[in-house]
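Read through the structure below, which is laid out as structure tokens, and then see the notes.
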Amino acid sequence: MLLLRDPGGLLLLLLMPAALIIVMAVVQDAPYRDYQEMKFEILVANKDKGNTGTKLIEGLRKNKSFIMIDRLQGVAVTEEQLKASLRDGQYKMGIVIPEDATASLINTSNKLANEMAGAMGLPAGLPVQGRQDSAAIQLLFDPVVKPSFRSALGFALNQYLTQVKTEILLQRLSRMNGSGDKPVNLESMNVLAVAEKSLDNGPSVNPSMNSTQHNVPAWAIFGMFLIVVPISGNMIRERDEGSALRIRLIPTANKRVGLGKIVFYILVCILQFFVMMLVGIFILPLFGLPQLTLGAHALNLLPMAFAISFAAVNYGYFIGSIFKTANQAMPFGAISIVLFSAIGGVWVPVEILPEVMKKIALFSPLHWSLEGVNEVILRNSGWKGILKPFAILVGSGVLLGIMPVFLGKK
0 MLLLRDPGGL LLLLLMPAAL IIVMAVVQDA PYRDYQEMKF EILVANKDKG NTGTKLIEGL
60 RKNKSFIMID RLQGVAVTEE QLKASLRDGQ YKMGIVIPED ATASLINTSN KLANEMAGAM
120 GLPAGLPVQG RQDSAAIQLL FDPVVKPSFR SALGFALNQY LTQVKTEILL QRLSRMNGSG
180 DKPVNLESMN VLAVAEKSLD NGPSVNPSMN STQHNVPAWA IFGMFLIVVP ISGNMIRERD
240 EGSALRIRLI PTANKRVGLG KIVFYILVCI LQFFVMMLVG IFILPLFGLP QLTLGAHALN
300 LLPMAFAISF AAVNYGYFIG SIFKTANQAM PFGAISIVLF SAIGGVWVPV EILPEVMKKI
360 ALFSPLHWSL EGVNEVILRN SGWKGILKPF AILVGSGVLL GIMPVFLGKK
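Going by numbering that gives the first Met the number 0, the residue at position 324 of the sequence shown is 323; the numbering climbs one at a time, nothing skipped.
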């Protein structure tokens, strides 16, 4: 009978699951598609003085999955500019081609060609320098990038690099009469190898994305935002029982009680967040999973935890103020958090979503919550790195906190 007397709540029970099915169908479509249909932007700093770097870039451009960017605003990308863009999260992948790429490759090819000629009794006529050829093409990644995407770029780069090596070696062999028919051992051409490097050029690589680094903060944030269910339910229960009205009759009590509730729920959320962090550090390794790494600036998790809690609690008060019954508020609050998490990167990485969904993800508070935490535990960012997500979460919390005041007066 209560449900029939609440047509708005009945409508939400039908509309919200439908919205959830639509969003999840779109979100889950990306992982099931072939990766060849996806596009990845790759910054390239080509310092090579020969044509090897150009040939590699042209080869990668033929791959439909990669969008090669070697110029920004009409100027060639530098190595420093590339690393800065990856640290800021503007781009996810980068390639640095060394200055002596072509020279090292030609020198090693000349060595092999001379050795093959000597084995056949022919004179070695190609010039060879006595230096050690150790040039390597560097792969640089935003630490948030998944291992599968790293492997995809490394595989493609090695494939085109092998083609360039073969082409140059055959050019060297063509200069010697009769040496072009000898089989070529490409494995012996270990010069100009592909090596993944750390953004900080330090001895240890930044903690990369794995199941623990993603799931612990992602689902901790999801649980923090589910505070909307008890907050909205309690607000409606207090209105129905008349306790909210009795508090309003006491001078200045309404503001004090409201502020006390907000502070209490924020503390509960912060406690929940750090308990989940402790689970990632001490409990998950017992199950054979990687240990959670908090990064070099772990103290920055304190302001991020406050900002996330502030936004979550005020969202709960907003939901509790705009709906009149529990049948309206609680399903809407819970499923809206599920939707925000689905489009915000909690379930699947935002970078593999369609372009439209990437733009919609910017309106999800869980997206900015996860971005802020990733800045700390993966990108090792200082205060400047978390400033943007912190400001967005606190600003949205203030806005959601002010609106119930006017709605309550109305």
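Backbone N, C-alpha and C fix where the C-beta goes; we use that ideal spot for every residue, glycine too. These figures come from a predicted structure and were not determined experimentally.
query                                                                                                                                                               : result
So what's N373 in DSSP terms, helix, strand or just coil?                                                                                                           : helix
Return the bridge partner residues of V74 from the DSSP annotation.                                                                                                 : L71
In the DSSP assignment, what residue or residues form a beta bridge with M92?                                                                                       : I41, F140
Where does A194 sit, in a helix, a strand or coil, going by DSSP?                                                                                                   : strand
For F65, which beta-bridge partners are listed by DSSP?                                                                                                             : F39
Along the chain, which unbroken stretches of the alpha helix (DSSP H) at least 4 residues long are found entirely within the segment 339-407?                       : 354-360, 364-376
Between L104 and I21, how many whole angstroms is the CB-CB distance? I'm expecting something under 8 Å.                                                            : In fact, because the Cβ distance is near 52 Å, the residues do not count as touching under 8 Å.
Does the Cβ of V204 have 16 or more other Cβ atoms within 10 Å, making it buried, or fewer, making it exposed?                                                      : Model confidence at V204 stands at a pLDDT of 43, short of 50, so the residue's coordinates are unreliable and nothing is read from them.
Between which two residues does the alpha helix (DSSP H) containing T101 stretch?                                                                                   : 100-118
Closer than 7 Å: is that where the CB of V355 sits relative to any heavy atom of the ligand SAM?                                                                    : Absence of the ligand SAM from the depicted structure is noted, as is the absence of any ligand whatsoever, leaving it without description.
Can the beta-carbon of I136 be found less than 8 Å from the beta-carbon of I68?                                                                                     : no
On the premise that A17 lies in contact with G49, defined as a C-beta separation below 8 Å, what is that separation, rounded to the nearest angstrom?               : Contact flag wrong, Cβ pair sits at about 59 Å.
Measuring alpha carbon to alpha carbon, tell me which residue in Q162, S64, D141 is nearest G52.                                                                    : Q162
In whole angstroms, give me the CA-to-CA distance for I334 and W218.                                                                                                : 15 Å
Tell me which same chain residues have a C-beta within less than 7 Å of the C-beta of S340, skipping the five on either side of it?                                 : F221, W346, L365
Tell me whether V372 is buried or exposed, calling it buried when 16 or more other Cβ atoms sit within 10 Å of its Cβ.                                              : buried
From the DSSP output, in three-state form, read off L135 for me.                                                                                                    : Here the sequence assigns Ala to residue 135, which means Leu is not the residue at that position. Of the three classes helix, strand and coil, the one that applies to A135 here is strand, per DSSP.
Alpha carbon to alpha carbon, how far is L291 from T324? Give it in angstroms, no decimals.                                                                         : 41 Å
Please classify T77: is it buried, with 16 or more other beta-carbons within 10 angstroms of its beta-carbon, or exposed?                                           : exposed
Using the C-alpha atoms, what's the distance from G381 back to P353?                                                                                                : 31 Å
P202 to K196, Cα distance in whole Å?                                                                                                                               : Low local confidence applies: a pLDDT of 44 at P202 is under 50, so the model's placement there is unreliable, with the coordinate-based value given in what follows. About 10 Å.
Please determine, among F39, G259, R4, the residue with the shortest C-alpha to C-alpha distance to A151.                                                           : F39
By the 10 Å Cβ neighbour count, where 16 or more other Cβ atoms means buried, how is D33 classified, buried or exposed?                                             : The pLDDT assigned to D33 is 48, lower than 50, so where the model puts this residue is not dependable, and the model offers no usable value.
On the three-state DSSP scale, how would you describe K82?                                                                                                          : helix
Alpha carbon to alpha carbon, how far is T165 from S308? Give it in angstroms, no decimals.                                                                         : 57 Å
Who are the near neighbours of L160 in its chain, counting only those whose CB is closer than 8 Å to its CB and skipping five residues on each side?                : L55, I136, L191, V193
Specify, as a first and last residue, the run of the alpha helix (DSSP H) that V256 falls within.                                                                   : 252-277
Under 8 Å by Cβ, that's how I've got V278 and V375 pegged, so tell me the actual separation to the nearest angstrom.                                                : Going by Cβ atoms, the distance from V278 to V375 rounds to 17 Å, so no, they are not a contact pair.
With a threshold of 6 Å on Cβ separation, who are the neighbours of A390 within its own chain once the five nearest residues in sequence on each side are excluded? : none
Assign R247 to one of two classes, buried (16 or more other C-beta atoms within 10 Å of its C-beta) or exposed (fewer than that).                                   : exposed
Could you check if V404 is buried or exposed, using at least 16 other CB atoms within 10 Å of its CB as the buried criterion?                                       : exposed
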